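Here's the structure we're looking at; comments come further down.
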Amino acid sequence: MPAPGPPNQGASDSEDALSAATANVVQADARLVRLRLDLAYDGTDFSGWASQPGRRTVQSTLEDALRTILRIPRPSLTVAGRTDAGVHARGQVCHVDLPTDALGHGGPAELTRRLARLLPADLRVCRIDLVPDVFEARFSAVWRRYAFRVCDNAAAADPLTRRHVLAWPRRLDELAMNAAAQRLLGVHDFAAFCKRREGATTIRALRELSWSRAGDLLTATVIADAFCHNMVRSLVGCLVSVGEGRRPVGWPVEVLLGLRRDPGVTVIPARGLALEEVGYPADSELEARAHESRVLRTLGAAGAAGAAGAEDARALE
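Using this note's numbering, you'd call the opening residue of the sequence shown number 29 and step up by one each time.
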């Protein structure tokens, strides 16, 4: 998976300092508890996860619900993956620090029930757990698993699944797509498949990229330690070009090695994409994992991943 530019150290340091300060507050103030929330949502009518003025987002909807139920100032949620507009989630994870007395006697279970009554039908908090104060939804994560679903027989596409399955007008060759996908696995610089962000690395460890078919439904499974902005949809779009026969099997790896966006790569529509699951280590390994995640990775001359010695608070999504 050649080396990104130098990190934006000032921005990184300030974000890390804020994160550390928040963690210290949790440790110092026994009245605060950290909660892990497991979420599911239909992203069709949301403008993504992150709060935006005047837009309906998952973050703002959930934060407003917590504020209303607990009668506290609007809390701040930290999420494992900041999904874009139209992207769904079945296994999203976030954490929040709340005053202990705000939970009341019912604890997390009662809060889960109250949120179910208040939240809209396209957003659900499936579970809430008390977690150690070293748990961080974003930086403690070891891997994220996405699925992209596409029906390659648009004329027979099921109207009941139209909100989370992309209808494609041409038949796709999943064998060719799988052959191309296998060449992309490993630790690489995925700059060619990402929208660059100042100071953020584009080096990722891609663990799985595979296609399976059930009738007219094709599902891509994509697992990595983290993903850059637009990375999953760009990878899928690139492989779909191979599946249609418009590009050879070796083209995606050529794009990867080019290290810059190729105009031939289509960022496929968000409709078929869902965050399915986020993996975390044992509690005893949470703090070490969060520290490791913040270290900006580089690639050596031989392509091996290493640490640059700088921290990048925006490295993982």
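A virtual CB, placed ideally from N, CA and C, is assigned to each residue, including glycine. Source: prediction; values computed, not measured.
- Where D129 is concerned, the enclosing alpha helix (DSSP H) starts and stops at T128 to L131.
- In this model, T72 and R232 are separated by some 27 Å (Cα to Cα).
- Rounded to the nearest angstrom, the gap between the Cα atoms of E236 and L146 is 37 Å.
- D244 places its beta carbon 9 Å or farther from that of T230.
- In chain order, D253, G307, Y308, P309 and R317 place their CB closer than 8 Å to the CB of V170, counting only its own chain and leaving out the 5 sequence neighbours on each side.
- Linking R322 to V293 through their CA atoms gives a straight-line distance of about 29 Å.
- Between A209 and L263, the CB-CB gap stays under 9 Å.
- Burial check for R198: the Cβ neighbour count within 10 Å stays below 16, so the residue is exposed.
- Residue state for E226 is assigned as coil, using DSSP reduced to three classes.
- In the DSSP secondary-structure assignment, W171 is bridged to G307.
- The alpha-carbon of L287 is positioned some 15 Å away from that of G278.
- For D201, the CB contacts under 6 Å within the same chain, skipping 5 residues up- and downstream, are G271 in chain order.
- When the five nearest sequence neighbours on each side are left out, the beta carbons in the same chain lying within less than 7 Å of the beta carbon of V295 are those of N258, R261, S262 and G265, in order along the chain.
- Proximity to A130 across R152, V159, T106 and T96 peaks at T96, based on C-alpha coordinates.
- Rounded to the nearest whole angstrom, the CA to CA distance from Q120 to R274 is 35 Å.
- Counted as a single uninterrupted DSSP element, the alpha helix (DSSP H) harbouring R322 occupies residues L314 to R322.
- Leaving aside the five residues that flank L212 on each side, the residues in its chain whose CB is nearer than 8 Å to its CB run, in chain order, L234, L237, L263, P280, V281 and L284.
- According to the DSSP assignment, T249 belongs to the beta strand (DSSP E) that extends over L245 to A252.
- Residue state for G214 is assigned as strand, using DSSP reduced to three classes.
- Ranking R118, L314, R225 and R152 by CA distance to the CA of L303 puts R118 first.
- Nearest in C-alpha terms to V107, of all of V162, L94 and V124, is V124.
- For C266, the enclosing alpha helix (DSSP H) stretches over residues M259 to G271.
- Here L188 is exposed: its Cβ has fewer than 16 other Cβ atoms, across all protein chains shown, within 10 Å.
- The DSSP-derived three-state label of W279 is helix.
- Taken atom to atom, the span from the alpha-carbon of P103 to that of P127 is near 10 Å.
- When the beta-carbon positions are compared, V115 and L301 come within less than 9 Å of each other.
- Distance from the Cα of P148 is smallest, within the candidate group E315, I251, A68 and R59, for A68.
- Counting other Cβ atoms within 10 Å of its Cβ, I156 reaches 16 or more and is therefore classed as buried.
- E315 and E164 have their C-alpha atoms roughly 8 Å apart.
- A straight line joining the alpha-carbon of N181 with that of R84 spans about 32 Å.
- Closest by C-alpha distance to W196, out of A184, A207 and S88, is A184.
- Burial check for D161: the Cβ neighbour count within 10 Å reaches 16 or more, so the residue is buried.
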